[in-house]
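In full-length UniProt numbering, the protein residues as written are 1 to 232.
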């Protein structure tokens, strides 16, 4: 694997970023984390990021170029309106190298209950002490709403939007994709526990901090799994 998650938000070349963004987009589509809607981006440098082309992520073809967006400036023509979420997160968090805006089914269902996944298993530990809920089902189509959402997200790795999907951010786009899968798995465990009617035992903060490790190539192995068979 030549594009594994990195420990910090390093700048990347445009050519490398294009491949990473396309592979991430197709992985999200292949594993049901997006459908017709969703987008992902990779930071290029302190002032720019690359967002995938505005089409269903699973249909993005090898070589299909994304669009460079200024971190401090208006969205270019043809870029989806909710990409302003990415812009506001990049502005506030220089450590962030990649962002995913997804539509995972179980996290969406929990959000309709006014809930986000509790920390019940190992993959959920990366979101301790919990994932914030943006309690508004409307699309983010203006700068003020995007700013308020980014402020609510603060330094969390993810945010759930009520009836409207998930935003995940990490030091690399690869890691943001992995976190998106982890959060949906946490939602799966949450729903299974709710269906059982039995009380679930949450991980303590200490247990979560110990479990949320990056050692042992944990994120790299998940990225390999999610991108296996990709044409690029």
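Virtual Cβ for every residue (Gly too), placed ideally from N, Cα, C.
Local Cβ density within 10 Å of residue i, reported as buried at 16 or more and exposed below that
{"i": "residue 15", "result": "exposed"}
{"i": "residue 224", "result": "exposed"}
{"i": "residue 176", "result": "buried"}
{"i": "residue 203", "result": "buried"}
{"i": "residue 162", "result": "buried"}
Coil, strand or helix - residue i by DSSP
{"i": "residue 180", "result": "helix"}
{"i": "residue 140", "result": "coil"}
{"i": "residue 7", "result": "Model confidence at residue 7 stands at a pLDDT of 39, short of 50, so the residue's coordinates are unreliable and nothing is read from them."}
{"i": "residue 125", "result": "helix"}
{"i": "residue 160", "result": "strand"}
{"i": "residue 51", "result": "strand"}
{"i": "residue 133", "result": "strand"}
Supposed close pair residue i, residue j - CB separation, criterion 8 Å
{"i": "residue 208", "j": "residue 111", "result": "Not quite, the Cβ-Cβ distance comes to about 21 Å (not below 8 Å), so this is no contact."}
{"i": "residue 156", "j": "residue 132", "result": "6 Å"}
{"i": "residue 219", "j": "residue 178", "result": "5 Å"}
Below 8 Å, how does it come out for the stretch 48-62 and the stretch 181-188: are there three or more Cβ pairs, yes or no? no
Using a Cβ distance threshold of 8 Å, determine whether the stretch 55-64 contacts the stretch 14-34, with at least three qualifying pairs required. Yes, the stretch 55-64 is in contact with the stretch 14-34.
With three or more C-beta pairs closer than 8 Å as the rule, is the stretch 215-232 touching the stretch 130-146? Remark: fewer than three beta-carbon pairs, one from each stretch, lie closer than 8 Å, so the stretch 130-146 and the stretch 215-232 are not flagged as touching.
Length-filtered (3 minimum) beta strand (DSSP E) runs lying within the stretch 164-230: Secondary structure within the stretch 164-230: the beta strand (DSSP E) runs of 3 or more consecutive residues, fully enclosed, are 165-170 (chain order).
Please give me, in chain order, every unbroken run of the beta strand (DSSP E) with length at least 3 that falls completely inside the stretch 53-115. Runs of the beta strand (DSSP E) inside the stretch 53-115: 67-70, 98-102.
Does the stretch 160-176 come within contact of the stretch 91-108, defined as at least 3 CB pairs closer than 8 Å? Result yes; three or more Cβ-Cβ pairs closer than 8 Å.
Stretch pair the stretch 60-79 + the stretch 188-204: three plus CB contacts closer than 8 Å: At 8 Å Cβ cutoff, the stretches do not touch.
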